[in-house]
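Protein chains in written order, with this note's numbering: chain A, 1 to 256; chain B, 1 to 437.
Take a look at the structure below.
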Amino acid sequence: MPALASIAPSPAPPPQRLDVWRADDLQPIDASTTASGWPELDAELPGRGWPRSCLVEVLGTQPSTAEFRLLGHALKSVSDSEGQVALVGPPKPVHAPGICQLGLDPRQIIWLEAQQPSERLWVTEQLIRSNAGGVVLAWLPQARADQIRRLQVAAQATDGLFFTWRPEAARHEASAAPLRVSVAMADPWTLEVHLVKRRRPVHTAPLLLRSIPTGLESVLAPRHLQPVHALPPVPAPAHAVDRAAPRARRRLVAVQ
Amino acid sequence: MLWIALLPEPADASSPSSDALSGIASWALQFTPRVAILEAVALGLEVEASTRLFGGKRALLTRIREEAEQLGITRRARAPTSLAALALARSGISNGFAKPLAALLDSLPLECLTAASRHSAVLARLGCRTLGDVRRLPRGGMARRFDAALLESLDRAYGLRPDSYEWVSAPDTFEAILELMSRVETAPALLFGARRLLLQMSGWLSARRSGVTAFTLHWAHDAMRSRETGEGDALTVRTAQTTRNIEHLSRLLAEQLAKVSLEAPVGDLRLTADEVYPLIENSASLLSDPQENVETLALALERIAARLGPDRVRRPRLRADHRSEWMGWWQASEEPVPRQQPEPSPVPQPTFLLPEPLKLAVKANRPLYQGPLQLLVGPHRVEGGWWHRTGIGPDAQSLNVARDYWVALSAHAGVLWVFQTRLARDQGAWFLHGVFA
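Have a look at this one:
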């Protein structure tokens with residue numbers, strides 16, 4: 001291909017608009033972001049953090065397994081700057097002391113209990129449109145693509161962090177959310193995070209993020225944090241609550 | 001002087017009821033204290049001094065036009081004098097500043113000025129068809145042949161004599177009545193009429209520098225109702241914060257009306273402001289103000305609470321207790337939250353707590369939840385609560401617990417908070433209580 005080879009590569013002009021970027025570029029995005037708490041995740045996110053005024057989809061296999069472990073740092077930084085943290089339709093009742101242990105101010109937390117898919121969407125949209133500048137975390141297990149688009153349009157016009165939790169099955173559907181993050185557990189203390197969609201080059205290798213639920217660092221010894229491959233055999237419980245144990249041991253002695 | 005005349009329908013057949021006019025007057029008082037009822041048929045507003053407050057003449061006129069249309073007033077005009085504005089409104093010309101006032105008024109027919117229309121037969125025989133013809137008649141002769149009112153109102157319309165009015169003052173309590181144009185059979189359809197009344201209430205509130213925390217919409221059933229149904233019914237809407245924001249109030253009312261079913265078609269609406277408190281307005285800030293965001297969020301939460309129910313918008317409360325169930329609870333967001341709450345427990349707590357502990361199956365001394373669990377850290381003994389009872393008499397139940405908590409690992413469900421406890425007949429049992437998510 002001599003004709004092609006003779007064309008000297010000319011440097012592309014710098015993009016004039018923010019929503020036009022060069023395909024190999026990760027850095028220059030002029031949007032405000034909130035740090036995720038992991039430098040390695042921030043490095044992969046456009047703008048070095050969770051983007052504001054934008055719907056972020058978090059895809060997970062099972063609800064109520066890793067939500068606050070992934071987003072806890074962002075929620076805390078919003079709460080520290082006097083922003084409100086709204087939880088829409090959590091899959092299990094939220095434990096107030098547990099969520100306060102994340103470092104959130106109890107006065108900044110709102111739990112909106114919505115059951116029906118339409119209620120969840122309506123509440124989420126009202127909160128996004130209220131432009132409160134805080135963070136909205138909504139569990140939307142049954143949202144459709146057009147509904148996500150509607151939320152994204154609302155999010156663009158307002159300031160705040162907007163996360164929606166959706167099931168992993170939604171990964172193969174089209175979505176208007178500019179950032180889609182799939183999260184799974186590599187082992188109990190490691191989150192495996194994959195950026196399914198972002199406004200930058202395709203993200204290939206999943207990130208392994210060290211994550212210990214807040215509060216547990218103080219009670220876990222280093223040996224607990226080793227990756228677990230096989231479950232060791234459990235001796236019969238020997239503490240006072242369970243009376244069955246001593247009898248079992250006696251029987252063993254008798255056999256010997 | 002900038003006079004605006006508002007002429008409610010119907011102006012030709014019967015004059016509008018004084019109730020309707022005073023309702024509109026209480027709406028208009030938010031723009032200027034100089035509101036007068038013109039010849040018992042129309043409303044005059046002198047707004048020259050208010051233009052700067054409302055962001056300029058054009059912004060003020062646009063706002064008055066939009067809100068007047070919502071109140072059902074389509075005929076309006078502005079002019080340098082009150083009678084000229086009224087005459088222009090009657091003839092359908094809205095701008096009295098387009099040409100010199102005398103040139104505009106000269107071409108109008110006699111009916112536009114009440115004093116002239118009273119003498120229209122005599123004036124027609126004199127060959128006068130327009131106000132300009134009347135004005136050209138010799139003043140001395142006119143003063144002798146007609147009553148003094150004709151010359152005076154002609155002079156006042158042309159701006160040769162000053163206007164003097166007794167200004168309308170805002171009543172101490174607000175009550176507005178609206179007769180619906182047609183019978184309304186469903187409650188949400190009442191909102192169209194109720195919004196007019198809310199608009200009047202909002203104007204009255206801003207004239208008094210106040211806001212409401214409660215207002216009531218009463219409706220009277222149609223006279224053709226069946227015997228069993230009552231005279232009518234009422235719906236009281238309460239807000240957490242004092243407000244006069246028309247959009248917020250009408251959304252709250254819409255949410256409440258959606259739950260009401262009418263017993264009979266409705267003919268009349270009445271709106272009363274029940275709890276009125278002074279409203280302190282914030283000055284606008286040059287920099288963006290986070291305080292304002294909090295207020296808009298409060299409005300959104302109130303709207304959500306109106307639709308879902310107040311107990312489904314919740315805020316956390318902490319309690320100094322060592323048992324997980326009693327350590328924290330959630331209260332309706334409308335109730336006040338104390339500034340100081342007990343410190344959260346130093347013991348690690350899960351972020352999700354099951355409403356009832358879930359009994360787990362046990363296989364080979366190992367609890368199962370989505371596969372076998374690995375017990376990691378424990379036991380953490382939580383015991384006590386004999387002092388805490390629910391119910392009275394024979395239903396009384398002690399909330400005493402004796403549990404050994406463990407942090408457990410599951411391959412699928414993550415990090416769990418499980419406990420072992422003793423049941424009847426010395427049986428041990430494992431329960432799942434929370435998830436560290």
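Glycine included, C-beta positions come from ideal geometry on N, C-alpha and C.
Own chain partners of residue i with C-beta closer than 7 angstroms, once the 5 adjacent residues on each side are dropped
i, result
"Leu353 (chain B)", "Ser324, His433, Gly434"
"Pro213 (chain A)", "Arg69"
"Gly385 (chain B)", "Arg323, Leu399, Asn400, Val401"
Neighbourhood of residue i by C-beta distance below 6 angstroms, restricted to the same chain and skipping five residues each side
i, result
"Glu263 (chain B)", "Thr229"
"Trp329 (chain B)", "Arg317"
"Arg403 (chain B)", "Val382, Phe419, Thr421"
"Pro141 (chain A)", "Pro167"
"Leu438 (chain B)", "For residue 438 (chain B) there is no data in the structure shown, the boundaries of chain B being 1 and 437."
"Ala258 (chain B)", "Pro188"
"Thr351 (chain B)", "Ala437"
Three-state secondary structure assigned by DSSP to residue i
i, result
"Glu192 (chain A)", "strand"
"Ile73 (chain B)", "coil"
"Cys54 (chain A)", "strand"
"Leu70 (chain A)", "helix"
"Pro250 (chain B)", "Note on identity: in this sequence residue 250 (chain B) is Ser, with Pro being the wrong assignment. Note: Ser250 (chain B) maps to helix in three-state DSSP."
"Ser398 (chain B)", "strand"
"Gln108 (chain A)", "helix"
"Thr61 (chain A)", "coil"
"Lys92 (chain A)", "coil"
"Tyr158 (chain B)", "helix"
"Pro97 (chain A)", "helix"
"His269 (chain A)", "Outside the displayed span of chain A (1 to 256) sits residue 269 (chain A), for which this structure offers no information."
"Val134 (chain B)", "helix"
"Ala234 (chain B)", "strand"
"Ile64 (chain B)", "helix"
"Arg210 (chain A)", "strand"
"Arg270 (chain B)", "strand"
"Pro336 (chain B)", "coil"
Within chain B, the residues that residue i reaches when beta carbons sit closer than 8 angstroms
i, result
"Cys100 (chain A)", "Pro316, Leu318, Gly328, Pro344"
"His224 (chain A)", "Leu376, Val377"
"Ile110 (chain A)", "Leu301, Val313, Arg314, Arg315, Ser333"
Limits of the unbroken beta strand (DSSP E) element including residue i
i, result
"Thr216 (chain B)", "210-221"
"Asp187 (chain A)", "179-187"
"Pro367 (chain B)", "366-368"
"Ala175 (chain B)", "The amino acid occupying residue 175 (chain B) in the given sequence is Glu; Ala does not appear at that position. First-last of the beta strand (DSSP E) with Glu175 (chain B): 175-184."
"Trp165 (chain A)", "161-167"
"Thr114 (chain B)", "Premise fails: Thr114 (chain B) lies in the alpha helix (DSSP H), 114-118, not in any beta strand (DSSP E)."
"Gly378 (chain B)", "374-384"
Neighbourhood of residue i by C-beta, 8 angstroms cutoff - its chain only, sequence neighbours within 5 removed
i, result
"Val85 (chain A)", "Leu75, Val78, Ser79, Leu104, Gln108, Ile109, Ile110, Gly134, Val135, Leu137"
"Ser120 (chain B)", "Leu110, Glu111"
"Glu82 (chain A)", "Gln108"
"Ile128 (chain A)", "Val136, Leu151, Ala154, Ala155, Thr158, Gly160, Phe162"
"Ala254 (chain B)", "Pro188, Leu191"
"Asp395 (chain B)", "none"
Closer than 9 angstroms at the beta carbon, the chain B residues around residue i
i, result
"Ala114 (chain A)", "Ile304, Leu308, Arg312"
"Ser53 (chain A)", "The premise fails here: Ser53 (chain A) is roughly 14 angstroms from chain B at the closest Cβ pair, so nothing lies under 9 angstroms."
C-beta atoms of residue i and residue j nearer than 8 angstroms
i, j, result
"Glu173 (chain A)", "Ala154 (chain A)", "no"
"Ser345 (chain B)", "Gly371 (chain B)", "no"
"His322 (chain B)", "Val382 (chain B)", "yes"
"Leu60 (chain B)", "Val47 (chain B)", "yes"
"Pro265 (chain B)", "Glu185 (chain B)", "yes"
"Ala36 (chain B)", "Gly44 (chain B)", "yes"
"Glu57 (chain A)", "Thr204 (chain A)", "no"
"Val347 (chain B)", "Trp430 (chain B)", "no"
"Trp167 (chain B)", "Ser26 (chain B)", "no"
"Leu55 (chain A)", "Ser182 (chain A)", "no"
"Arg198 (chain A)", "Pro46 (chain A)", "yes"
"Ala207 (chain B)", "Ala170 (chain B)", "yes"
Any non-hydrogen atom of the ligand MG closer than 7 angstroms to residue i Cβ
i, result
"Met201 (chain B)", "Ligands in the displayed structure: none, and consequently the ligand MG is not present."
Interface partners of residue i on chain A, CB under 7 angstroms
i, result
"Phe436 (chain B)", "Pro213, Leu216"
"Gly267 (chain B)", "Within 7 angstroms Cβ-Cβ: nothing; Gly267 (chain B) doesn't reach chain A, min ~33 angstroms."
Residue i, enclosing alpha helix (DSSP H) - first and last residue
i, result
"Gln200 (chain B)", "190-207"
"Gly106 (chain B)", "Reading off the sequence, residue 106 (chain B) comes out as Asp, not Gly. First-last of the alpha helix (DSSP H) with Asp106 (chain B): 101-106."
"Asp19 (chain B)", "18-28"
"Gln152 (chain A)", "145-156"
"Asp42 (chain A)", "39-44"
"Pro117 (chain A)", "117-129"
"Ala89 (chain B)", "82-91"
is_contact[residue i, chain E] using C-beta, thresh 8 angstroms
i, result
"Leu297 (chain B)", "Included in the structure are the protein chains A and B, with no chain E among them."
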